[in-house]
Amino acid sequence: MNIKNYINGNFHNPSSNEWIDNFCPANGDIYGQIPNSSKADVENAYIAAKSAFPSWSRTTLEERSRILLKISEGIEANLDKLAKAESQDNGKPISLAKAIDIPRASSNFRFFANAITQFASESHESVGMNAINYTLRQSIGVVGCISPWNLPLYLFTWKIAPAIAAGNCVVAKPSEVTPMTAYLLGEICNEAGLPKGVLNIVHGLGTSTGQAIIEHPDIKAISFTGGTATGAHIARTAAPMFKKLSLELGGKNPNIIFADCDYDDMLKTTVKSSFANQGQICLCGSRIFVEASIYEKFKTDFVKKVKQLKVGHPSKNDTNIGALVSKPHLEKVMDYIKIAKEENGKILCGGNQVTVTGFENGYYLEPTVIEVPTDECRVNQEEIFGPVVTIMPFKTEDDVLQMANKVKYGLSATLWTNDLKRTMRMSHQIQAGIVWVNTWLMRDLRTPFGGMKASGVGREGGFEALRFFTEPKNVCIKY
Ligand code: TXE
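For the sequence shown, the UniProt record's numbering assigns the number 1 to the initial residue and increments by one for each residue that follows.
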């Protein structure tokens, strides 16, 4: 199936008529093609967005909210179709796409449809000076949203919904590796009555199509989720043009387990936080640190549970681990397993590719647990972004805190303990944008979301996203 660009409410072939193959990770087949969009296509998308902006930015909040709610309902009504498309495009189990990805894409629109009606700005009375200041929060204009392949529609809509709720018009690009659900979203937006040009979706490679978006002189803000190296490149490109940037990048998140935790709950959740979505979530707890007194027990129990995970075709309901997203990505993850061995890491389970009968060319990999001799080895420092976790014991709270913070990333952290004082001490000192205590990936969409250090700049979520997608202007009136 061929995908098209969605520009000004219509579907278009790329102007160059150049196409990129789209692979199905479950069997390695090419099952469609996507536009290899050029600068000219991005310019067309920009022109459509620019012409839609004056009217959309003056559309009442009630009307914007009504349309966003209709998009949310449209996603819900197409749950099965979208989940199937997501699973086929990405390799993730269909059960996961149905339970998490697509419902969350719908929630993103519902959440920002409501949030925009509650968004308020400040006023400051300048006492003794007979003046009042108020802050206008104005729509920015045309903004760019660029998203990755791991949670395709989930993250695409996480950016688009607040951008258009705040009155902007958007030029968006999903990952070229997983373009399908973004393509299907276009039709849903038309059916929901989103005015033409408010959202424009261009498909293509990061280095050409994405590059044309980030270097476009009149696309004033960029919200990006993806790899840290790409984020650094975007920052370098956008800085001299003084664009507003929100960068949500990689992570190498510590999962810190103390002996006093609720053990069964911790064990069950740790399997999830290690391997959900084949470990391809920037929030996965990929470095597991376990207090020495329960280390051996944890090791045995964890490995036993991980071995029970079923690697299989994403369309099967009993599949726990589907296919990795692409062949190059599988190769990258496999390389890290090799590196782990060279660094004297001990593979406690997994480590090998899996052949799924009937789908021999799919990109399947066993969930892998590596016991590392030191926290400084590469597999403990670099983002692998696959079904691979490291484990090692720790003795004291100070030791584990140091190891937790001794990476370049700072996205999220998980703590398992019932000691309140320790919870407070640790969560205040851990270098991460998000700390989960006795849980993982529990999301309240009102909370600030993002990372520190090499995990990015800025926060999205709730009013933070609406602040990002608006320009504050102070108006001072003397009376
Ligand atoms: O991401 P890229 P990749 C990490 C993970 C993974 C690594 C690389 O470790 O192995 O990053 O993945 C677009 N201008 N994460 O190469 O390239 C690209 O087309 C503008 C973590 O797939 O960063 C896609 O739409 N855009 C992560 C998006 O950027 C450009 C999720 C992300 O792709 C561009 C994914 C350019 N010059 C990978 N170059 C997370 N934080 O969740 C690329 N793109």
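Just so you know, even glycine gets a beta-carbon here, dropped at the ideal spot from N, CA and C.
With a minimum length of 4 residues, the unbroken runs of alpha helix (DSSP H) contained wholly in the stretch 154-236 fall at 180-191 and 211-214. Between the alpha carbons of Lys39 and Ser16 lies a gap of roughly 10 Å. Taking C-alpha positions only, Ala85 is separated from Leu185 by approximately 11 Å.
The alpha-carbon of Trp158 is positioned some 42 Å away from that of Asn130. Taking C-beta atoms under 8 Å as the contact rule, Pro14 and Ser37 qualify, at a distance of about 5 Å. For Lys4 against Pro35, the beta-carbon gap comes to about 7 Å, under 8 Å, which counts as contact. Between ligand 1 and the CB of Gly250, the shortest heavy atom gap is smaller than 8 Å. When DSSP reads this structure, Ser123 sits in a beta bridge with Tyr134. A distance of 9 Å or more separates the beta carbons of Glu215 and Phe258.
Inclusion of Ile100 and Thr181 in the CB contact set at 9 Å is not warranted, their separation being larger than that value. Counting only runs that start and end inside the stretch 40-121, the alpha helix (DSSP H) elements of at least 4 residues fall at 61-77, 79-90 and 102-118. When secondary structure is reduced to three states using DSSP, Asn8 falls in the coil class, being assigned neither helix nor strand. By the beta-carbon neighbour count (other beta carbons within 10 angstroms, threshold 16), Leu420 is exposed. In terms of side-chain proximity, the C-beta atom of Trp436 is found no nearer than 8 Å to any non-hydrogen atom of ligand 1. Segment contact: the stretch 218-227 against the stretch 140-155, three or more CB-CB distances shorter than 8 Å; contact assigned.
DSSP, read as helix, strand or coil, puts Gly32 in strand. Cβ contact annotation for Met241 (same chain, cutoff 7 Å, sequence separation greater than five): Pro217, in chain order. Three or more Cβ pairs closer than 8 Å define a contact, and the stretch 299-306 meets that threshold against the stretch 356-372.
In this structure, Gln381 has its beta carbon at no less than 8 Å from each heavy atom of ligand 1.
Check the Cα spacing between Asn255 and each of Gly458, Asn380 and Lys341: the tightest is with Asn380.
For Ser274, the enclosing alpha helix (DSSP H) starts and ends at Tyr263 to Phe275. Here the alpha carbon of Gln138 sits roughly 20 Å from the alpha carbon of Ala172.
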